[in-house]
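Take 1297 as the starting number for the sequence shown in the numbering used here and just add one per residue.
For every residue, glycine included, the Cβ atom is placed at its ideal position computed from N, Cα and C.
Please read these numbers as outputs of a predicted model, since none were measured by experiment.
Here's the structure, in structure tokens; my notes come after.
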Amino acid sequence: MALPVALLAALVLTRLRKRANHPAPLRTALADVGIVAGTAPWVWMILTPLHRGVRVTLVPFHELGWFFTQPFGTVFVQVVGNLLVFAALGALLPVRSRRFASLPRVALVAALASTTVEVLQYGLRLGRHSTVDDVLINTAGAVLFALVTRRWWADRIAARTVPR
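Given below as structure tokens:
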């Protein structure tokens, strides 16, 4: 169900942007829909209440150290899950906009988004652990996935375009 809705949204956005003479209507529409479709389920999941105690850890790498005392499955789920939370954002933001076609800017946007999620987890008392390590891992995931899409970044496409 989600795929047809995403495709319809991309088609509608593309059509609206073509009418507005947007320079890259299809690329930006697909990137926008991909960012939302790839990020929203993760954010929904991590903002779902767990009914556990609320805890904040502001010491970098404290939780990571604890992870490695846990079974491999726990470590895998926690680390890989956190790497994927903003993967779509990191991969598609520089494809969507020349303004965000740099690793520091992707990292900044991902860190701000992740910090917002951690503050919401704490402020809404969702029974989740708010930790600076989550922000670091979420940001690292966004940057890693940005590197995967580097050849399609908006600045590189514009640089290879030959005026007619």
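Subject >> His1318 - DSSP class collapsed to helix/strand/coil >> reply: Along the sequence shown, one-based indexing puts residue 1318 at 22. Three-state result, His1318: coil.
**OP:** Decide yes or no for the touch test of the segment 1319-1330 against the segment 1400-1409: beta carbon pairs closer than 8 Å, at least 3 of them.
**Re:** no
Original post:
Once you ignore the five residues that flank Leu1360 on each side, which residues in its own chain have a CB closer than 6 Å to its CB?
Top reply: Against the sequence shown, residue 1360 aligns to sequence position 64. Closer than 6 Å at Cβ, skipping near neighbours: Asp1429.
**OP:** Return the CA-CA distance between Asn1452 and Ala1387, expressed in angstroms with no decimal places.
**Re:** To locate residue 1452, count along the sequence shown from 1; it is residue 156. To locate residue 1387, count along the sequence shown from 1; it is residue 91. One point to set straight first is that residue 1452 is Arg, not Asn, in the sequence displayed. If you take the alpha carbons of Arg1452 and Ala1387, they lie about 14 Å apart.
Original post:
Is there contact between the segment 1361-1372 and the segment 1434-1441, where contact requires at least three CB pairs shorter than 8 Å?
Top reply: no
Original post:
In angstroms, rounded to a whole number, what distance separates the CA positions of Ser1410 and Val1371?
Top reply: Residue 1410 sits at position 114 when you count from the first residue of the sequence shown. Residue 1371 sits at position 75 when you count from the first residue of the sequence shown. Whole-angstrom Cα-Cα distance: 19 Å.
Original post:
Rounded C-beta distance between Ala1305 and Arg1313? I'm assuming under 8 Å.
Top reply: As a position in the sequence shown, residue 1305 is number 9, starting the count at 1. As a position in the sequence shown, residue 1313 is number 17, starting the count at 1. Ala1305 to Arg1313, Cβ: 12 Å. No contact.
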